[in-house]
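Protein chains: 2
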Amino acid sequence: MKFLWTLSTVLLIVAPSILASNNGNNRLDMAAQRRAANIHRMDTIILLTYMSVMVVIVVTAWAFKHYRFRFIHESGVTLFYGLLIGFVIRYFGLGLMQSQTFDVETKNKSMVNEPPDYLMLEVKPEGGSRVSFHYELIEGFFADKRKKIEQQIEQKSVFSPEVFFNMLIPPIIFNAGYSLKKRHFFRNIGSILAIVFIGTTISCFGTGCLMFVFTSIFRMGYTFKELLFFGALISATDPVTIISVFNDMNVEADLFALIFGESALNDAVAIVLSEVIENFSTSSEAITLQDFGSAIAGFGGVFFGSLMLGFTIGCMNAFLTKMTLIAEHPLLESSLFVLISYISFLVAEVCGLTGIVSVLFCGIAQAHYTYNNLSDESQGNTKHFFHMVSFIMESFIFCYIGVSVFVTNNQRWSFSFLFFSLISITASRALFVYPLSWLLNVRRRPKIPMRYQHMILFAGLRGAMAFALAGRNTSTENRQTIFATTTAVVIVTVLVNGGLTSWMIDYLQIKHGKDAIEEGQRLENSMSCSTSQGEHNSEMDESIPVTMAPGLNPWDKAFLPRKWYHFDASFMKPLLTHATPSLEQTLPPICLPLTSLLTSSRQRAYINAEPFDTIVQHFTN
Amino acid sequence: MKFLWTLSTVLLIVAPSILASNNGNNRLDMAAQRRAANIHRMDTIILLTYMSVMVVIVVTAWAFKHYRFRFIHESGVTLFYGLLIGFVIRYFGLGLMQSQTFDVETKNKSMVNEPPDYLMLEVKPEGGSRVSFHYELIEGFFADKRKKIEQQIEQKSVFSPEVFFNMLIPPIIFNAGYSLKKRHFFRNIGSILAIVFIGTTISCFGTGCLMFVFTSIFRMGYTFKELLFFGALISATDPVTIISVFNDMNVEADLFALIFGESALNDAVAIVLSEVIENFSTSSEAITLQDFGSAIAGFGGVFFGSLMLGFTIGCMNAFLTKMTLIAEHPLLESSLFVLISYISFLVAEVCGLTGIVSVLFCGIAQAHYTYNNLSDESQGNTKHFFHMVSFIMESFIFCYIGVSVFVTNNQRWSFSFLFFSLISITASRALFVYPLSWLLNVRRRPKIPMRYQHMILFAGLRGAMAFALAGRNTSTENRQTIFATTTAVVIVTVLVNGGLTSWMIDYLQIKHGKDAIEEGQRLENSMSCSTSQGEHNSEMDESIPVTMAPGLNPWDKAFLPRKWYHFDASFMKPLLTHATPSLEQTLPPICLPLTSLLTSSRQRAYINAEPFDTIVQHFTN
């Protein structure tokens, strides 16, 4: 393969004559100064625009809540505002730009009296169409060539769109895990995992095949690989969107667990699938059984690896907060909590695992263990902090998606492609929801009723994750169409499905609001004797582990969960929190040297005080 | 479940035949994909490194507090960790880089089988040295040239180092305003403004002139303009550093007000000065008196413009929270509070004012008015949120400054320049501290004692703002030296002056810790009969405005402050908060239609309830 590089040799000859004056460097200097000022101004204007929109969004959200207006959902409104702002920036915001683009090929020498802000490099591969790369000026210029590698490192230390998503999505998912109704989530874990692993795979290949059929019929020129890639990234429903649409509804807890559980965990599958599909082309050979085996191993490895990593990091933080006296300084304690939670995301991403799954389970572990060790102040702080941050980030993401439709130009719109996509993703979602539910219902108690199945189909909302995955590589026109279509699917599902969710819930006669809470509590009480009264209000209050009464709750019949409950109560909680019984009591006496080391003074005080407390309680009763 | 997997196997085997088409675009596509993955990985690793260091920093900070270790200050330790990490990245982190640089001039076409990540454009002005511009590949490539302008807009929508500072510094300054001990700040406002306006200007020109003398003697080749610019950016002491060093010390409140007030407000002067100096070169003529006059007007305009803007935005938020029922939804209320506070920074920057001054006074207004309208939950939330965020941001900034020494390569080290700089800035700081204090002491009561003056000289800590200003333009070698020197001055002042502050405070026999608080309260009580008992713990509790007793406090003697107090109690507070007396009571009856509109139901209820409350109080006493 040869490239025909049309290089800027001309410019190299031209430039000196332009800069001929003695104060050539001075003019460059001035230009750089102006450029820095312009960039600063531009950045600030765009940030200000976003922030102002968000103020409007918050006020709108308040008005919606206050006047109980339910037809359009907040996320939908946010998206809509984003679209509006994007439109304004696109058609009225061009005057703001003061930078200059220099096209290497046009050779318009007379215009060059400043270092151009952009260079365009045109390449014509043999047998391919002409492509052009855009280059942006990096701050500063150096006479020394040795510094090039260092320059690259510096560039990586600053923000990029990737980091943008690294910073916005994690707090939302963490908050979901941190405030999760654990009981319902884990009771349905089997069904959730089946939907996540089998369902997402079916949906991916179903979408890919259907789209291949459609695009082949209409000769739209997509390879099967591209469509499979599209299938992979569009198959994952989005936790951010699901949370924002369903959180206020208070639907029946099992249904929410299924829908939210799927959305939170299927990102892992979608990411692995898309990577496997990408790798097809490296060999370009027939796919062997080995590839297939490694794909399955990949699924499992990535998923459970991420899960364990997040959980372990959460536990480490619990251990740290238990064994040190950092609770004396709530500010440091809360900061540590926030930082370590974020690290669980980053470590997973660095290890090639999925940060989303990791940070979700880190959140669960933090709520289950660390929360109980925190000072009262930090308990409130961390809860409110993540609540507020995730709300702001969420609004920002929806707003950003809306803006991107008009502002970015790596989106290429194809309405036929979009139309076929919507058909394909709905069909392939139906293709797994109903058969899989039927299969699961063979053994599952309580069964997944038909109205849940309809709702799961309907709740296939796509969001930030699909948007981020599709936007990561938009190098070819087909990929730009895929990106645009993904954005459109996100907007359609959020506006239409999200907007109609409350209507659909009523139509399917699914309990929600106070009804669902009462129903849930009634069921709880009838099924289990554990203290679940206040659970719906705050799951976090389970600070003192009661020995579980296994066998009464249908979920407890399963072997593994029962084992886990026992292990949790007799080892994990005593090890990681100040809860009693302590390890000294639950482990055999032979471990005493170790267990006494791991028992906190608060635990010991609590054990010693217990009889006295009981007496007091006796008297006051 | 197995049959489902077989289905996908068949599909997988079919796939490659379709994927077989291999062309040039496909390889470019792959390269872009790999590049995206690399960037993501690199970004994540760097973020993870920062976060891990911050965990270590938090744990160290806790250990320092716990074991009462005071010799090295936390900021110093953070800087030190940053330096360490920068060193590791510089000398051991090169292997992480997988991107490729393509040098335009070498024309090594044979090596190009992927789009190069970077282009270097070499330019050699006549009579100047060879300069080279680095260009980074922008995501995506387009056949369509029309899209270039849109591409630029998109580029501006994402993060840059500028935005980095837009996001990190504002919360710290806002938090400073939000938790400011207002009484002491405003009591010293005259002296603070004198130091800010006259002192910073003297320091700027003093440093510039001294440096010009030094560099001329040793023929280092700097223009006077460059050195004046250096003087301007290095003259501003840094609020972030001052806060982090002095906050835990609890030094005498007047001294802290002087030092902190100077650092918070002199950024405006430094920014205006540096802009004025930049503009000198456009004409390259002698500086006329007109230039000088417009500079003074610039000072005043920028400073008071920013002040008024921030204050107004704060008041608007107070009005919004008063007149709506948003307090019913604390999450939305807190989010609105955070967003509007941030907007005060952005609007100022967009208008060409200084965001730092704006956000500081917005914080003061928010604490003075809005805070009283917030729900109890939001009061706690916002306080803790800003406290935590500013702590984290602060640690991050110091860490980043440390890292930058080794990682960035737009810093050119010159130890002789650094040595002369340290002499110049100390000398020119002394040049204004002592004469100005002497002048101020002519009328000021209480006078600024000599030990305060020594301390103000010693507390000339530079920090993030100087670093950001110097890093904004590093286009010439001289500017790179200035950036490196600024970084070094930051490090030296933070490590040496910051580290020795507690020793210096003892040496100068300045009261600190509990002594200062007791002393302050004793003075308060002897001088004023207003209720200042709990003030040192939380200034924010002044929720019900008591009518001031003017004349007893020395500060109240001044005409303007007295007028302001009166205006605040009889108009601003009734207008913007739920405090009584309401506007209906303080304004003449002729305004009744308007005032009744602006009186909240809570105010009215409070007024009606007041007699009853008084009775109750009477009985309980």
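Chains A and B, in that order, give the protein sequences.
Going by the UniProt record's numbering, the first sequence opens with residue 1, and the numbers climb by one from there.
Going by the UniProt record's numbering, the second sequence opens with residue 1, and the numbers climb by one from there.
C-beta: ideal position from N, C-alpha, C; glycine also.
- With three or more CB-CB distances shorter than 8 Å, the segment 218 to 237 of chain A counts as touching the segment 476 to 491 of chain A.
- Nearest CB-CB separation between Ala236(B) and chain A: not below the 9 Å threshold.
- In this structure, the CA atom of Leu508(B) is about 27 Å from the CA atom of Ser179(B).
- With 16 or more other CB atoms across the displayed protein chains lying within 10 angstroms of its CB, Lys322(A) is buried.
- A direct Cα-Cα distance of roughly 26 Å separates Lys225(B) from Ser404(B).
- With a 10 Å radius around the Cβ and a threshold of 16 neighbouring Cβ atoms, Arg187(A) comes out buried.
- When Cβ-Cβ separations below 9 Å define contact, Tyr342(B) makes contact with chain A.
- The closest CA to that of Ile456(B), considering only Leu258(B), Ile423(B), Met42(B) and Phe567(B), is found on Leu258(B).
- Where Leu508(B) is concerned, there is no enclosing alpha helix (DSSP H), because DSSP gives it neither an H nor an E.
- The beta carbon of Pro574(B) sits closer than 7 Å to the beta carbons of Pro581, Ser582, Leu583 and Thr586 from its chain, once the five residues preceding and following it are set aside; these are given in chain order.
- In this structure, Thr426(B) keeps its C-beta atom at 9 Å or more from the C-beta atom of Val245(B).
- Chain-order list of chain A residues neighbouring Phe467(B): empty, with the shortest C-beta distance near 14 Å, by a criterion of under 9 Å.
- Assigned with DSSP and collapsed to three states, Cys591(B) falls in helix.
- Taking C-beta separations shorter than 7 Å and ignoring five residues to either side along the sequence, the partners of Asn478(A) in its chain run Tyr222 and Glu226, following chain order.
- Counting along the chain, the unbroken alpha helix (DSSP H) around Val350(B) starts and ends at Pro330 to Val350.
- Residues of the segment 49 to 70 of chain A that bring their beta carbon within less than 8 Å of a beta carbon in chain B comprise Met51, Ser52, Met54, Val55, Val58, Val59, Ala61, Trp62, Lys65 and His66, in sequence order.
- When the Cα atoms are used, Asn381(A) and Thr382(B) turn out to be separated by approximately 10 Å.
- DSSP assignment within the segment 426 to 479 of chain B yields the following whole alpha helix (DSSP H) runs of 4 residues or more, N-terminal first: 450 to 458 and 464 to 472.
- Taking Gln603(A) as the centre and dropping the five residues before and after it, the same chain places the C-beta of His578, Thr580 and Ser582 closer than 7 Å to its C-beta, in chain order.
- Counting only Cβ-Cβ distances below 7 Å, Ser335(B) has contacts in chain A at Val58, Met388, Phe391 and Ile392, in chain order.
- Within the same chain, Cβ atoms closer than 7 Å to the Cβ of Ala430(A) are found at Leu457, the five residues on either side in sequence being excluded.
- By alpha-carbon distance to Thr312(B), the top candidate from Asn608(B), Phe567(B) and Gly363(B) is Gly363(B).
- As the crow flies, the alpha-carbon of Val251(A) is around 6 Å from that of Lys511(A).
- Straight-line spacing of the CA atoms in Met249(A) and Gly513(A) works out to 6 Å.
- With respect to chain B, the C-beta atom of Arg443(A) has no partner C-beta closer than 9 Å.
- Relative to Trp503(B), the option among Phe64(B), Ile72(B), Thr60(B) and Leu48(B) whose CA is nearest is Ile72(B).
- Val489(A) carries a helical assignment under DSSP once its states are collapsed to helix, strand and coil.
- The beta-carbon of Arg429(A) is placed no less than 9 Å from the nearest beta-carbon of chain B.
- A Cβ-Cβ separation of about 3 Å places Gly86(B) in contact with Phe406(B) under the 8 Å criterion.
- For Met220(B), the three-state secondary structure derived from DSSP is coil.
- Ile72(A) sits in coil when the DSSP states are folded into three classes, being neither helix nor strand.
- For His387(A), the closest of Ile45(B), Glu333(B) and Ser341(B) by C-alpha to C-alpha distance is Glu333(B).
- Arg412(A) sits in coil when the DSSP states are folded into three classes, being neither helix nor strand.
- Counting of Cβ neighbours within 10 angstroms places Ile590(A) among the exposed residues, the total staying below 16.
- Considering only Ile198(A), Ser358(A), Ile45(A) and Ser375(A), the residue with the shortest C-alpha distance to Ile296(A) is Ile198(A).
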